[in-house]
Structure formats: C-alpha cells, structure tokens
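Reading through the structure tokens given below for one structure.
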Amino acid sequence: MSEDRPPDALARFAERLDKARAQSGERPAVGDGDGAGQQRALGLGFRIGIEFVVAIVVATGLGWAFDRALGTKPFATIVMFFLGVATGMYNVYRAITGQGAAIGFRRPQRDVKRKD
Amino acid sequence: MALELHPLEQFKVEPLIPLHIGGLDVSYTNSALFMTVAVVLITALLVLGTRRGALVPSRWQSVGEMSYEFVADMVDTNAGHGAEPYFPFVFTLFMFVLFANLLGLIPYSFTVTSQLIVTFALAAAVFIGVTIIGLVKHGAHFLRLFVPEGVPVILLLLLVPIELLSYFIRPFTLSIRLFANMLAGHTMLAIFGGFAASVGLLAIFPVALDVAIFALEVLVAALQAYVFAILTCLYLRDALHLH
C-alpha cells in the first residue's frame, strides 16, 4: 500500500495529472462526458422496447387467472387486457419523458399549485 | 441437401453430475457449471487484481477498479442518497450478469442468462428485496406510491390499478428483457452458422453476417447487464425516497 509515502508526492502527482489533462483537452478521466450520455440513451432504448409487450401479456394472463378462479369467464381477461395496454403505454410514456421507471409519479410542485 | 439446423439445442440444460436429494432433482448441470465459472472468474479478477493494491494500477487491478467505480457511480446517480448500503448487491448483480452474458459468447459454452428461470430468480430477488426495503423504511406510507398526487378521485379508480400493475410487472419486464435478448441473439448466431455449414462456397455471406451479429452481441451482453443493474438502482430509489 502507499500510505507510508509522503503526501506531497501524491499532491505533486495530482498537479501533474491536472496539467496533463488540461493540455490534452481537459476531459476528466472518468467518462461522464459524451460517452456516458450516449450510454444512458442506448440503455433507455433497449429498455423500453419490451416494456409494452410484457405489460399486456402479464395483465392478460392475470385476467385469465382471475377468470379461472372466480368463474367470470371472459370479463376479467378483457378488462385486464385493456388495463395492460394502458399500463404499457403509460410506462413507455413515462420512460421517454424522463420519469424513469418511477411508479406513482408526482407532479413538480409548481404544476400542482397552478392546478389548484 | 439435408439442412440440419438445431438453433435451440444450445439452450438445453443437461445434468453433468446427477444428484437427487429427497425426490428433488438437484443435479449439477451445465448451467450450474457456467454460473460457477462466472463466480470464480469474478472473484479471481477482484481478489487477485487488487492483491497488490498499487498506486499506479496494473491492468487487472485497473479493470477491477473501473468496474467498481462504474457501478459506484451508477448507484450514486440513479439510486440517490442512502443507497450506499445496497452497493454490494448491485455490484454483485451487475458482475454476475455481465460475466454470464460474456461467457455465453464463447463458442461451445452455455449462456446462463438465456434461461428464463435464472433471470426471473434474479429479478424476483430484486423485486422482493426492494419491496421489503420500502415497507421497512416507510411502513404503510409506502402504499402511497400507488396513489398519484393531485388527481381527481374518479381518475384514481383507473390510475391505482395501473400503478399497481406497473409495480407488479417489474420482475417480469426485468427478467424477460435479459432472457429475450440473450435467447434471440444466440439463436440468430446459430441459425446463420447453420446456413454457412450448408451452402458451400456461398458460406462467406452468412459467416460475414455472423461476425457482425457477434459484435452486436458483445454490445448487447454488456448493455443488458448495465440495464439490469440500472433498473435495480431505479427501483431502489423508489423504495428509498418515495419522491
């Protein structure tokens, strides 16, 4: 480990590192520049593709299970199918408008006041 | 010409060491083998890589530190404050999925994450864990997550079921996304590989395509591990902060 070295060696190294970075176009070593933004966008794109389909399939499956359990043959399946479509659309909308995967999204405070 | 294509054969789970305990089949399968390989490789990378702990890192130490910093940064920005105790979990999850995905790309290996039950087990662990964390931290107040604010009562009749549903499909979306991506990619590789074996000299085209798809699969393998981890972070944030 390096604890026993004099701290000024570290300080000098940091200084040299800063200088070198400033010379080579001042980009910090950890990529929170363009690369990270691109990565995040790519992650989002791959994420929402399946969201819509799975919502419908799971909701319809749940409806079918309710029907089997309660003996209300087609109704729960039909209702849950449309609920699944609504959920899928809502989630994709939320994902692309930057709400992330958040459930129970709250309006920004300012909007709530205006509505009241 | 007999076209012999078995693109799905690669996903078959086969027992390597048959084991039956109390009527349960707990055989050591090829799937379990590659899980073991992934865990051993991750442990080796992190333990051996950071053994020396040099100020100017060696290659392996650098890889270990970069993955640590990458996940630490991801937890910090996506899960918010108070999520630090859960970093080890997210890091383990990320490394396991990443290594399982990448190991699957080695020819003749087995892709653990192409098994729905494996990805579902991971996603269910995340889901149950996050729900428990939310309930412990906020008690009954956690249920307010399902009631959007500033919405007329009549709309609540529609919105509460939607919120509930979007909460409970999380383990499914999380697991099916990873599983479907791995399954689709590997099936595609196998199909074009099968074409190449059966068309003689024209094989150059499917092989070229296979190379391109393989490159895409490397990207997908890393990206899906990233997506899995980042969604875990976002779910954690919901449970910790309730907005």
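Protein chains in written order, with the numbering used here: chain A, 1 to 116; chain B, 1001 to 1243. Idealized CB from N, CA, C, for every residue including glycine.
Q. Which stretch, first to last residue, makes up the beta strand (DSSP E) that contains B:LEU1016?
A. Translated into positions along the second sequence, residue 1016 of chain B becomes position 16. Its beta strand (DSSP E) spans residues 1015-1017.
Q: Pull up the DSSP beta-bridge partners for B:ASP1025, would you.
A: The residue labelled residue 1025 of chain B in the question sits at position 25 within the second sequence. Paired residues: B:HIS1020.
Q. Residues of chain A with a CB under 8 Å from the CB of B:THR1173: which are they?
A. Here residue 1173 of chain B refers to the residue found at position 173 when the second sequence is read from its first residue. Correct list: ILE50, GLU51, VAL54 and ALA55.
Q: Would you mind telling me which residues of chain A sit closer than 7 Å to B:ILE1128, beta carbon to beta carbon, in chain order?
A: Indexing the second sequence from 1 puts residue 1128 of chain B at position 128. Near B:ILE1128 there are no residues of chain A at all, since even the closest Cβ is about 16 Å away, more than 7 Å.
Q.
Using a Cβ-Cβ cutoff of 8 Å, what residues of the region 83-97 of chain A are near chain B? List them in chain order.
A. LEU83, GLY84, ALA86, THR87, TYR90 and ASN91
(Q) In this structure, how does DSSP classify A:ALA41 when only helix, strand and coil are distinguished? (A) As a first step, residue 41 of chain A is located in the first sequence; it is residue number 41 there, counting from the start. A:ALA41 falls in the helix class under three-state DSSP.
(Q) By the DSSP assignment, the alpha helix (DSSP H) with B:ILE1133 in it spans what residues? (A) As a first step, residue 1133 of chain B is located in the second sequence; it is residue number 133 there, counting from the start. Unbroken alpha helix (DSSP H) run through B:ILE1133: 1116-1138.
Q.
Just checking: is the beta-carbon of A:VAL79 within a distance shorter than 7 Å of some beta-carbon in chain B?
A. Indexing the first sequence from 1 puts residue 79 of chain A at position 79. Not closer than 7 Å to any Cβ of chain B, the Cβ of A:VAL79 fails to qualify, so no.
**Q.** Buried/exposed call for B:GLY1150, threshold 16 Cβ in 10 Å
**A.** Counting from 1 along the second sequence, the entry for residue 1150 of chain B is found at position 150. Its Cβ having fewer than 16 others within 10 Å, B:GLY1150 is exposed.
(Q) Please report the straight-line C-alpha distance between A:PHE52 and A:LEU83, rounded to a whole angstrom. (A) The residue you call residue 52 of chain A lines up with position 52 of the first sequence. The residue you call residue 83 of chain A lines up with position 83 of the first sequence. Taking the straight line joining both Cα atoms gives about 12 Å.
Q. If you drop the 5 nearest sequence neighbours on each side, which residues of the same chain put their C-beta closer than 7 Å to that of A:VAL85?
A. As a working mapping, residue 85 of chain A is identified with position 85 in the first sequence. Only ILE56 meet the Cβ criterion.
Q: Classify B:LEU1008 as helix, strand or coil using the three-state DSSP reduction.
A: On the second sequence, position 8 is the one that residue 1008 of chain B refers to. Coil, per DSSP.
Q: Can you tell me which of the three DSSP states B:ALA1229 falls into?
A: The residue labelled residue 1229 of chain B in the question sits at position 229 within the second sequence. Residue state, collapsed to three classes: helix.
(Q) Would A:ALA20 pass as an interface residue toward chain B - the criterion being a Cβ-Cβ separation below 7 Å? (A) Taking the first sequence and counting its residues from 1, one reaches residue 20 of chain A at position 20. No, no contact with chain B.
**Q.** Residue-level contact to chain B via CB, A:ALA76, 7 Å cutoff
**A.** For the purposes of this step, residue 76 of chain A is taken as the residue at position 76 of the first sequence. False, the Cβ-Cβ gap to chain B never drops below 7 Å.
Q. When burial is assigned at 16 or more other CB atoms within 10 Å of the CB, is B:GLN1224 buried or exposed?
A. Working through the second sequence from its first residue, we reach residue 1224 of chain B at position 224. That one is buried.
**Q.** CB contact check: A:ARG12 to chain E, cutoff 7 Å
**A.** Included in the structure are the protein chains A and B, with no chain E among them.
**Q.** CB contact flag (B:LEU1103, B:PHE1034, <7 Å)
**A.** Reading the second sequence from its first residue, position 103 is the one you call residue 1103 of chain B. Reading the second sequence from its first residue, position 34 is the one you call residue 1034 of chain B. Yes; because the gap between Cβ atoms is below 7 Å, this pair is in contact.
Q | C-alpha distance - B:THR1092 paired with B:LEU1122, whole-angstrom precision | A | For the purposes of this step, residue 1092 of chain B is taken as residue 92 along the second sequence, with counting starting at 1. For the purposes of this step, residue 1122 of chain B is taken as residue 122 along the second sequence, with counting starting at 1. Near 11 Å, if we compare the C-alpha coordinates of B:LEU1122 and B:THR1092.
Q.
Is B:VAL1118 a contact residue of the ligand SAH, with contact defined as CB to any heavy atom under 6 Å?
A. For the structure depicted, the ligand SAH is absent and the ligand set is empty, with no information on it obtainable.
Q: Using 10 angstroms around the beta-carbon of B:VAL1090, count the other beta-carbons present and answer buried if the total reaches 16, otherwise exposed.
A: On the second sequence, position 90 is the one that residue 1090 of chain B refers to. By the 10 Å Cβ count, B:VAL1090 comes out buried.
Q: Run the CB neighbour count on B:ALA1054, radius 10 Å, all protein chains shown included, and call it buried at 16 or more, exposed below.
A: Working through the second sequence from its first residue, we reach residue 1054 of chain B at position 54. By the neighbour-count rule (16 or more Cβ atoms within 10 Å), B:ALA1054 is not buried but exposed.
Q. When you compare only the Cα positions, how much space is there between B:VAL1013 and A:GLU15?
A. The residue given as residue 1013 of chain B occupies position 13 in the second sequence. The residue given as residue 15 of chain A occupies position 15 in the first sequence. Looking at the two C-alpha atoms, the distance is approximately 56 Å.
Q) chain A beta carbons: is any one of them nearer than 7 Å to that of B:SER1166? A) Here the question's residue 1166 of chain B lines up with position 166 in the second sequence. Yes, B:SER1166 lies at the interface with chain A (some Cβ there is under 7 Å from its Cβ).
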